[in-house]
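Asks: Chains as they are written, first to last, in the numbering used here: chain V, 22 to 207; chain B, 382 to 803.
Below: one structure in structure tokens.
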Ligand code: HEM
Ligand code: FES
């Protein structure tokens, strides 16, 4: 009790500028806070993708059996990748729509390496469902591409978002044609 | 206070009890919180649901710990381990159905508990912090239930996890890194399942901690009551034990009857059949719905065409409850004496049910329109109606004491006597 009374008196005596003791409190507190934050970081970071998950997995796909107008799904990094061998009409429609009112403007050319092969990650940019349209019997939405049933997003024949709550076009993964009939994704 | 405190029970004079109590005053504490704790004498059955929620929390923890002894948190084994619990583990089917439907019963109890609070103005001074702690419990429960639903690794588990974690991608810049961090990969996968199991085990115990704080806050100013005026003296109160312990136990019997009826006769009534199909990352089920207790919030999310604003509105619909004590400007607590608020209370309750119904349906056509109107009403109720009502509504005259309405005019001499002494 007596001690705290003394401290108070000393603190009060130095007025608004603060005392050496105040400085020490703040400095020690700040050190403690920064130290704790630094110690916390490894724990938070441990939840980020680990080295084995990051080790870039890639898949090779043989395209020989694919018919014109056929769409297939392959798994890459736990996600579906859509491969679409587009018909000339679908390509023409995609290119004609370059100038349409696009929520996420992108030309069809920027989305393909060869116009006949549209390769995209088949994950709706709204909340991550897999859009329908891979099977010929699936609904393909108002623009002949893909339709996400979860909350009603419509994608066109270039995989661009046209209508619905999704904000972005279906993403294009990294890929390379190894030869005319083989593609490596990732 | 000395007047209300019941005499110490005989066992407190036992030397053993005395020896322990001197070193750890556990018996004094229990006696004080349960026996002496003076409770308004007019609590009705809507006051049962707090203790029911607490008992459901215990049921969830006990059944969960036993399930965890048989469950395998790995994408290749999780689904089959749950099926093994259902078919091979002794009484496994019972324990799993208790846990599965116990979650629903827990939410039923808590939602009734919350609407009780809305009707009787339980959130008003001096119980604002008590109210906040309750909302924190609700948020933790939602997180826990969501995490638990992912564990059986069926189609709804997987796609529910995908859609809900993707909500965070709505935030600009930090969104995508957060989602990757939540997943521990590039999609919902084994790392996600592992951490969800770890957190599903942890959060219920965090809830226990917040419940303790909730009770400390409750016991600081005592329970509210249906007429909403403060207790004026000992004639307004009775000891919690045995009066309310008995009333709570009776309610528990009825509640467990309903619970048992569901567990034994309709255990999958509230579930989605799709969750008995193993998770398939390449195919989304045609119709994704969350568990019923999250449907109203899901409806709010979907009724707004922008992704970010939809997410903000969904979280906002819960966070708005934190400022409710200040949005409601009326000094009168109980809706019994607020004729206009009472109407809006029921409209709000209907609005929440409508939102739940919309959440279970696809967001198209009329559903979309009704969903938007119901969402608008939800926020209108809190942001416009409640603040204005406090000014414009003319409350009915309040009784002068709790005893007055209970004893029809305060005629009873027996009840009024202690007041004269106090
Ligand atoms: C706040 C309390 C809790 C709630 C609301 C809750 C909720 C849930 C839900 C909704 C499920 C999915 C049930 C299904 O559809 O199969 C679940 C599963 C599970 N929970 Fe909990 N839980 C709680 C506490 C606990 C605790 C304390 C444990 C202990 C470790 C636990 C362990 C499990 C396990 C192992 C599963 C997977 C088995 C299964 O799906 O039946 N839970 N939980
Ligand atoms: S996830 Fe595709 S529309 Fe919502």
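Idealized CB from N, CA, C, for every residue including glycine.
None of the values given here were measured: they were computed from a predicted structure.
Is residue 456 of chain B near the ligand HEM, in the sense that its beta carbon is under 7 Å from a heavy atom of that ligand?
Replies: No, the Cβ of residue 456 of chain B stays beyond 7 Å of every heavy atom of the ligand HEM.
Asks: Residues around the ligand FES, please: the ones whose beta-carbon is closer than 7 Å to some heavy atom of it, in chain order.
Replies: Chain-ordered list of matching residues: V/145, V/147, V/148, V/149, V/150, V/152, V/169, V/171, V/172, V/173, V/174, V/185, V/186, V/187, B/544.
Asks: Could you work out which residues of chain B lie near residue 265 of chain V, taking near to mean beta carbons separated by less than 9 Å?
Replies: Limits of chain V in this structure are 22 at one end and 207 at the other, which puts residue 265 of chain V out of reach.
Asks: Are residue 825 of chain B and residue 467 of chain B touching if we call contact CB-CB under 8 Å?
Replies: The displayed coordinates of chain B run from 382 to 803. Any statement about residue 825 of chain B would go beyond what the structure contains.
Asks: Answer with yes or no whether the minimum CB distance from residue 658 of chain B to chain V is below 8 Å.
Replies: Judged by the 8 Å Cβ criterion, residue 658 of chain B is not in contact with chain V.
Asks: Exposed or buried, residue 682 of chain B, counting other C-beta atoms within 10 Å across all chains shown (16 or more means buried)?
Replies: Buried.
Asks: Any contact between the region 117-130 of chain V and the region 173-193 of chain V? By contact I mean 3 or more CB pairs, one from each, below 8 Å.
Replies: Yes: at least three Cβ pairs fall under 8 Å.
Asks: Between residue 628 of chain B and chain V, is the shortest Cβ-Cβ distance under 8 Å, so that the two count as touching?
Replies: No - not a single Cβ of chain V is within 8 Å of the one on residue 628 of chain B.
Asks: For the region 541-557 of chain B, list every residue whose C-beta sits within 7 Å of some C-beta in chain V, in sequence order.
Replies: Under the 7 Å Cβ criterion, the region 541-557 of chain B contributes 543, 544, 547, 548.
Asks: Would the beta-carbon of residue 660 of chain B fall within 8 Å of that of residue 535 of chain B?
Replies: Yes, the Cβ-Cβ distance between residue 660 of chain B and residue 535 of chain B is below 8 Å.
Asks: Note down, in chain order, every chain B residue with its Cβ under 8 Å from the Cβ of residue 209 of chain V.
Replies: The question about residue 209 of chain V has no answer here: the residues shown for chain V are numbered 22 through 207.
Asks: Given this structure, state the Cα-to-Cα distance separating residue 203 of chain V from residue 747 of chain B, to the nearest angstrom.
Replies: Approximately 48 Å between the Cα atoms of the pair.
Asks: Is residue 610 of chain B helix, strand or coil when you go by DSSP?
Replies: Here residue 610 of chain B sits in coil by DSSP.
Asks: Would you verify that the beta carbon of residue 568 of chain B is, or is not, closer than 8 Å to some beta carbon of chain D?
Replies: Protein chains V and B are contained in the structure displayed, whereas chain D is not.
Asks: Can you tell which of B/541, B/654, B/758, B/508 has its C-alpha closest to the C-alpha of residue 349 of chain B?
Replies: Outside the displayed range of chain B (382 to 803) lies residue 349 of chain B, so it cannot be described from this structure.
Asks: Which stretch, first to last residue, makes up the alpha helix (DSSP H) that contains residue 880 of chain B?
Replies: Residue coverage of chain B in this structure runs from 382 to 803, which leaves residue 880 of chain B outside it and unanswerable.
Asks: Check whether the Cβ atoms of residue 663 of chain B and residue 96 of chain V lie closer than 8 Å to each other.
Replies: Contact flag set, yes.
Asks: Should residue 195 of chain V go down as buried or exposed, given a rule of 16 or more other Cβ atoms within 10 Å for buried?
Replies: Burial call: exposed.
Asks: Taking only heavy atoms of the ligand HEM into account, decide whether any of them is closer than 7 Å to the Cβ of residue 676 of chain B.
Replies: Answer for residue 676 of chain B: no, Cβ out of range of the ligand HEM.
Asks: Between which two residues does the alpha helix (DSSP H) containing residue 80 of chain V stretch?
Replies: First-last for residue 80 of chain V: 80-83, but that is the beta strand (DSSP E), not the alpha helix (DSSP H).
Asks: Taking 7 Å as the cut-off, is the CB of residue 658 of chain B close to at least one heavy atom of the ligand HEM?
Replies: Every heavy atom of the ligand HEM is 7 Å or more from the Cβ of residue 658 of chain B, so no.
Asks: State yes or no: is the C-beta of residue 581 of chain B nearer than 7 Å to some heavy atom of the ligand HEM?
Replies: For the ligand HEM, at least one heavy atom lies less than 7 Å from the Cβ of residue 581 of chain B.
Asks: Relative to the alpha-carbon of residue 605 of chain B, which residue among B/551, B/419, B/503, B/571 has its alpha-carbon at the smallest distance?
Replies: Comparing Cα-Cα distances from residue 605 of chain B to each of B/551, B/419, B/503, B/571, the minimum goes to B/503.
Asks: Using beta carbons (cut-off 8 Å, strictly below), is residue 534 of chain B in contact with chain V?
Replies: No, residue 534 of chain B does not count as interfacial toward chain V.
Asks: Given this structure, state the Cα-to-Cα distance separating residue 197 of chain V from residue 173 of chain V, to the nearest angstrom.
Replies: The alpha-carbon atoms of residue 197 of chain V and residue 173 of chain V are separated by roughly 32 Å.
Asks: Return helix, strand or coil for residue 445 of chain B, following the three-state DSSP convention.
Replies: Helix, per DSSP.
Asks: Nearest CA to the CA of residue 121 of chain V: which residue from V/186, V/177, V/157?
Replies: Out of V/186, V/177, V/157, V/177 has the C-alpha closest to the C-alpha of residue 121 of chain V.
Asks: Going by the beta-carbon positions, is the gap between residue 514 of chain B and residue 699 of chain B smaller than 8 Å?
Replies: No, Cβ-Cβ distance for residue 514 of chain B and residue 699 of chain B is not below 8 Å.
Asks: Taking only beta carbons into account, state which residues of the region 152-181 of chain V come closer than 7 Å to chain B, listed in chain order.
Replies: Those residues of the region 152-181 of chain V that come within reach of chain B (Cβ to Cβ, closer than 7 Å) are 170, 171, 172, 173.
Asks: How would you call residue 775 of chain B, buried or exposed, if buried means at least 16 neighbouring beta carbons within 10 angstroms?
Replies: Exposed, since its Cβ has fewer than 16 Cβ neighbours within 10 Å.
Asks: Okay, do the region 76-95 of chain V and the region 643-655 of chain B touch, 3+ Cβ pairs below 8 Å being the bar?
Replies: With a cut-off of 8 Å, the region 643-655 of chain B and the region 76-95 of chain V do not count as touching, because too few Cβ pairs lie within range.
Asks: For residue 724 of chain B, which of B/703, B/762, B/695 has the nearest alpha-carbon?
Replies: Closest by alpha carbon: B/762.
Asks: Which word fits residue 730 of chain B, buried or exposed, when buried means at least 16 other C-beta atoms lie within 10 angstroms of its C-beta?
Replies: By the 10 Å Cβ count, residue 730 of chain B comes out exposed.
Asks: Residues in the same chain with beta-carbon distance under 6 Å from residue 689 of chain B, minus the five sequence neighbours each way, listed in chain order, please.
Replies: Same-chain partners within the cutoff: 551.
Asks: How would you list, in chain order, the residues of chain B whose beta-carbon sits under 7 Å from the beta-carbon of residue 190 of chain V?
Replies: Ordered by position in chain B, no residue passes the 7 Å Cβ test against residue 190 of chain V, which lies about 14 Å from the chain.
Asks: Which one of B/446, B/667, B/679 has the shortest CA to CA distance from residue 578 of chain B?
Replies: Nearest option by C-alpha distance: B/446.
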